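Counted from 1, the sequence shown has number 849 at position 70 by the working numbering; the numbering is strictly sequential. Below is one structure, written out as C-alpha cells; the observations come after it.
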Amino acid sequence: MIITPGVNYADKYANNVMRNKKKYPKSIILAVERYKKWKKRKDIWFDVDRANEMLDFVQSFIRHVKGPLAGQLMELELWEMFVFANMYGWYHKNEKGKTVRVIRESYVQVPKKNGKTIIAAGALLYAMYGELELGADCYCAASDYEQAQNAAEPIAQAIENSEPLARHTQIYKGVNGTVSGAMYRYSINGIAYQNKFKVLTK
Numbered sequence: 780m781i782i783t784p785g786v787n788y789a790d791k792y793a794n795n796v797m798r799n800k801k802k803y804p805k806s807i808i809l810a811v812e813r814y815k816k817w818k819k820r821k822d823i824w825f826d827v828d829r830a831n832e833m834l835d836f837v838q839s840f841i842r843h844v845k846g847p848l849a850g851q852l853m854e855l856e857l858w859e860m861f862v863f864a865n866m867y868g869w870y871h872k873n874e875k876g877k878t879v880r881v882i883r884e885s886y887v888q889v890p891k892k893n894g895k896t897i898i899a900a901g902a903l904l905y906a907m908y909g910e911l912e913l914g915a916d917c918y919c920a921a922s923d924y925e926q927a928q929n930a931a932e933p934i935a936q937a938i939e940n941s942e943p944l945a946r947h948t949q950i951y952k953g954v955n956g957t958v959s960g961a962m963y964r965y966s967i968n969g970i971a972y973q974n975k976f977k978v979l980t981k
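Here it is, written out as C-alpha cells:
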C-alpha cells in the first residue's frame, strides 16, 4: 500500500476495529479506545505527516530477507501501521517547550510468524536513519545471544540490501559472521556525526 500524504492510517485501522469488535481481542479494542480518547485531548496532538513519514521510511528502505517475500520491499499491514503511527504520531510540548513524542516506550506482542523482527527492524532503523537524531545510539537487545542474533541479522541485512542506507554505513561482524553492530557516518555543515546500533545480550 502506497503511503498517501494526509491519510490517517491509524484512523482507518481504528474504525475497522470498532465496526467489527467481535473479531478482535480486548487488548486491541482497548488500544483503539485509548487512541480515540487521546484524539480528544488538548495537551497532546496526532501529527499525521510525521506518522506517515515513518510508515513511508519502512516501506521505502526495508526489504524482507527470508521466506516467499524475500527481496521485496516491506509492505505494512494496516495493524502494523496502527502500531507505528501511535509510536511516532503523538506529540506534546515538554517542560522546555520543545515538541517531542508522547510515546517513548512500546510493548508489542504478536504471535509467531507475524513479522516481529521486521517490526523491530523498522523502529531501530528509523531511529538510526530517519528521525534526524544527531549521534543517535540504538540498541538491539535480547535475553540470550541466539535471540539477539535472530533480531540483529535481519537488521544488518536490511541495511546491506538498501543502497542509500549501506552507502555510509559499516556493519561490524565477528569471526563467525555474527553481527555486533553498525555505524552510520555522515556530516552536516562540515561537522561529522556517527549514529550507531549495538547488539546487547546477557
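All C-beta atoms, glycine included, are put in the ideal place defined by N, C-alpha and C. These figures come from a predicted structure and were not determined experimentally.
For a quick check, are the C-beta atoms of residue i and residue j less than 7 angstroms apart?
| i | j | result |
| --- | --- | --- |
| G833 | F861 | Before going on, a small fix: residue 833 reads as Met here, not Gly. No, the pair does not count as a contact, with Cβ atoms beyond the cut-off. |
| D835 | I782 | yes |
| T896 | A931 | no |
| R948 | Q928 | Checking the displayed sequence, the identity of residue 948 turns out to be Thr instead of Arg. Not in contact: T948 and Q928 (Cβ atoms no closer than 7 angstroms). |
| A913 | Y972 | The amino acid occupying residue 913 in the given sequence is Leu; Ala does not appear at that position. Taking 7 angstroms as the Cβ cut-off, L913 and Y972 qualify as a contacting pair. |
| Y870 | T878 | yes |
| Y951 | S941 | no |
Suppose you measure from the CA of residue i to the CA of residue j; what does that come to, to the nearest Å?
| i | j | result |
| --- | --- | --- |
| K845 | E854 | 14 angstroms |
| M962 | R829 | 25 angstroms |
| V786 | R964 | 33 angstroms |
| K818 | M780 | 25 angstroms |
| K821 | A937 | 39 angstroms |
| K981 | R798 | 44 angstroms |
| L979 | G850 | 27 angstroms |
| D826 | Y814 | 13 angstroms |
| Y905 | A945 | 14 angstroms |
| K816 | H843 | 35 angstroms |
Short of 7 angstroms in beta carbon distance, which residues of its chain neighbour residue i, apart from the five on each side in sequence? Order them along the chain.
| i | result |
| --- | --- |
| L903 | C917, C919, I934 and F976 |
| K858 | One point to set straight first is that residue 858 is Trp, not Lys, in the sequence displayed. For W858, where only same-chain residues beyond five positions count, the Cβ hits under 7 angstroms are Y792. |
| V796 | Y803, I807, I808 and V811 |
Throw me the rounded Cβ distance for the residue i and residue j pair, which I believe falls under 8 angstroms.
| i | j | result |
| --- | --- | --- |
| A907 | N974 | Residue identity differs from the one stated: residue 907 is Met in this sequence, not Ala. The Cβ separation is near 5 angstroms, so the contact holds. |
| I841 | A900 | 6 angstroms |
| Q838 | L852 | 6 angstroms |
Suppose the cutoff is 6 angstroms on Cβ atoms and the five residues either side in sequence are ignored; what does the same chain contact list for residue i look like?
| i | result |
| --- | --- |
| L911 | none |
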